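Trainee: Take a look at this one; I'll ask things after.
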Amino acid sequence: MTSEGHNEPLMLRETREAPHVVRRLLTENREAVARLAAAIRGRRPAYAVTIARGSSDHACTVLKYVLETQLSLPVASLGPSVHTLYGARLDLAGALVIAISQSGASPDVVENVRAARESGALTVALVNVEGSPLAEAAEFVLPLRCGPEQAVAATKSYLASLCALLPVVAELTGDEALSAALNALPERLTRTLDLEGQARELAERYRFADNLLVLARGYHYGAAQEAALKLKETCGIHAEAYSAAEFSHGPKRLLAEGLPLLGFASADAAWDATRQAYDDLRAAGADLRLLGPQAGADLPTPTGGHPLTDPVTSTLAFYLFAAHLALGRGLDPDQPPLLSKVTKTR
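Residue 74 in the UniProt record's numbering sits at position 74 of the sequence shown, and the numbers go up by one each step.
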């Protein structure tokens with residue numbers, strides 16, 4: 001398979017739809033955003049809970065940092081099996097419950113949202129299939145507006161998941177800089193797509209890697225989790241994500257085995273501490289390459305955005321990298337062994 005013409009992987013084609021998807025989401029969700037913002041303002045949830053699996057759960061990690069830093073709302077991740085397998089019914093009255101799913105079809109996510117709503121929680125579904133069981137179970141729905149996503153490895157739905165709640169945050173906080181960054185985001189994503197040649201060149205460096213560690217902090221940590229998953233799914237590489245702060249608490253031992261590192265270089269309050277951690281790793285002999293909106297990154301994404309939108313462009317650049325890494329390894333990123341598009345768990 002080549003990366004050109006009609007043989008180009010669906011993963012790449014769907015990744016390139018990101019600017020259009022985000023523009024449509026921001027335009028068509030305005031009424032839903034206003035309704036949800038009014039409900040949150042009126043009901044004043046004391047905390048938030050997220051429910052998701054896989055890539056969607058990694059989007060929840062990003063949203064955790066967003067809600068905690070912008071709304072001072074503590075966020076916890078709910079283990080779906082606590083209800084579906086162990087039979088516990090959690091008292092989530094007064095909580096904001098956010099579920100994310102591309103298909104909206106996984107029974108464990110649906111059943112937990114239904115139970116949360118029955119207990120008095122304000123329930124929100126970020127879902128691509130608007131007529132899905134999850135959309136029907138939740139009180140509020142923010143459609144992801146992706147259109148059909150056919151590649152097994154989710155790309156545009158993950159990026160949309162990162163964006164869907166940001167207009168609500170901008171509405172609740174009155175953050176004009178965030179609103180401006182969201183309006184400019186489709187254009188920044190278009191410029192990120194221009195990095196495909198650089199992404200292909202960086203991927204060539206990891207063509208024969210068996211293992212890869214992905215590092216980040218703060219808003220980009222969920223992007224690092226997603227990157228590690230995609231490297232497993234599409235490239236057959238054993239990859240794990242770590243907080244750059246936690247890596248020195250034991251996992252740093254792996255540097256002695258010569259494992260390469262890929263780090264996200266953010267442009268936010270976490271960067272000074274993250275940069276110091278990266279400098280220390282390089283001083284210890286680490287093979288570390290960087291991706292993100294920082295000058296000097298090996299795959300530099302467009303600058304001038306907002307800390308809350310930067311993970312979107314960074315992840316888009318990573319998807320280009322991952323698709324070309326799979327192709328360079330002679331793999332089809334659209335047909336990972338043993339995996340299917342929709343996984344239904346309980």
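Yeah, the Cβ is synthetic: ideal placement off N, Cα and C, and Gly gets one too.
None of the values given here were measured: they were computed from a predicted structure.
Report all residues from its chain with a CB closer than 6 angstroms to the CB of cysteine 146; omit the five preceding and five following residues, and keep chain order.
Mentor: For cysteine 146, where only same-chain residues beyond five positions count, the Cβ hits under 6 angstroms are Val21, Asn128, Lys156, Ser157 and Ala160.
Trainee: Contact check, leucine 213 vs leucine 259 under 8 angstroms by CB: the rounded distance?
Mentor: Right, their Cβ atoms sit about 6 angstroms apart.
Trainee: Rounding to the nearest angstrom, what Cα-Cα distance links glycine 54 and glycine 222 in this structure?
Mentor: Rounded to whole angstroms, glycine 54 to glycine 222 spans 11 angstroms at the Cα level.
Trainee: Determine whether the beta carbon atoms of glycine 197 and aspartate 268 lie at a separation below 8 angstroms.
Mentor: No, they are not a contact pair.
Trainee: Please return the same chain residues whose Cβ sits closer than 6 angstroms to the Cβ of alanine 52, not counting the five positions on each side in sequence.
Mentor: Correct list, in chain order: Cys60 and Ile100.
Trainee: Please report the straight-line C-alpha distance between leucine 299 and valine 152, rounded to a whole angstrom.
Mentor: Approximately 25 angstroms, taken between the alpha carbons.
Trainee: Would valine 124 pass as a contact of leucine 92 if the rule is Cβ separation under 8 angstroms?
Mentor: No, they are not a contact pair.
Trainee: Write down the C-beta distance between serine 25 and leucine 144 rounded to the nearest angstrom, noting that I regard them as a contact closer than 8 angstroms.
Mentor: Correcting the residue identity first, residue 25 is leucine in this sequence and not serine. Between leucine 144 and leucine 25 the Cβ distance is about 7 angstroms, and since that is below 8 angstroms, they are a contact.
Trainee: Counting Cβ pairs closer than 8 angstroms, one from the region 166 to 183 and one from the region 68 to 78, do we hit at least three?
Mentor: Contact holds: three or more Cβ-Cβ distances are below 8 angstroms.
Trainee: CB-CB under 6 angstroms to proline 74, same chain, minus the five flanking residues each way: which ones, in chain order?
Mentor: Same-chain partners within the cutoff: Tyr47.
Trainee: What's the gap between the Cα of glutamate 233 and the Cα of threonine 190?
Mentor: If I take the Cα positions, the gap works out to 25 angstroms.
Trainee: In the DSSP assignment, the beta strand (DSSP E) including glycine 292 goes from what residue to what residue?
Mentor: Here the beta strand (DSSP E) through glycine 292 covers 288 to 292.
Trainee: In terms of residues, what are the limits of the alpha helix (DSSP H) holding histidine 324?
Mentor: From DSSP, the alpha helix (DSSP H) with histidine 324 extends over 310 to 328.
Trainee: Rounded to the nearest angstrom, what separates asparagine 7 and arginine 188 at their Cα positions?
Mentor: Approximately 27 angstroms, taken between the alpha carbons.
Trainee: Could you say which of Leu142, Ala88, Val82 and Ser81 lies nearest to glycine 104 if we only look at CA atoms?
Mentor: With distances taken between Cα atoms, glycine 104 lies closest to Leu142.
Trainee: Which residue spans inside the region 95 to 141 form an unbroken alpha helix (DSSP H) run of at least 4?
Mentor: Counting whole runs of 4 or more residues, the region 95 to 141 contains the alpha helix (DSSP H) stretches 107 to 118 and 133 to 137.
Trainee: Less than 8 angstroms between the C-beta atoms of leucine 261 and leucine 231, yes or no?
Mentor: Contact: no.
Trainee: Between which residues of its own chain and proline 19 is the CB-CB distance below 7 angstroms, once the five residues before and five after are set aside?
Mentor: Around proline 19: Pro186, Leu189 and Thr190.
Trainee: Specify the secondary structure class of glycine 87 as computed by DSSP and reduced to three states.
Mentor: Coil.
Trainee: What three-state label does DSSP hand serine 179 in the structure shown?
Mentor: It is helical.
Trainee: Would you call asparagine 183 buried or exposed, if buried means 16 or more other Cβ atoms sit within 10 Å of its Cβ?
Mentor: Counting Cβ neighbours within 10 Å, asparagine 183 comes out exposed, since fewer than 16 surround it.
Trainee: Look up isoleucine 51 in the DSSP assignment and say whether it is helix, strand or coil.
Mentor: Strand at isoleucine 51.
Trainee: Glutamine 102 and leucine 10: beta carbons closer than 8 angstroms?
Mentor: Against a cut-off of 8 angstroms, the Cβ pair of leucine 10 and glutamine 102 comes out as no contact.
Trainee: According to DSSP, which residues form a beta bridge with valine 214?
Mentor: Ala241 and Leu262, per the DSSP bridge assignment.
Trainee: Among Ala286, Asp279, Gly285 and Leu308, which has the Cα closest to the Cα of proline 293?
Mentor: Selected option, being the one with the closest Cα: Leu308.
Trainee: Between leucine 202 and phenylalanine 321, what straight-line distance do the alpha-carbon atoms span, to the nearest angstrom?
Mentor: Approximately 7 angstroms between the Cα atoms of the pair.
Trainee: Locate the alpha helix (DSSP H) running through alanine 224, then write down its first and last residues.
Mentor: Element bounds for alanine 224: 221 to 235.
Trainee: What number of angstroms, rounded off, separates the C-alpha of threonine 301 from the C-alpha of alanine 227?
Mentor: Distance between the alpha carbons of threonine 301 and alanine 227: 16 angstroms.
Trainee: Quick check on proline 9 - is its C-beta less than 8 angstroms from some C-beta in chain D?
Mentor: The displayed structure is made up of one protein chain only, and chain D is not part of it.
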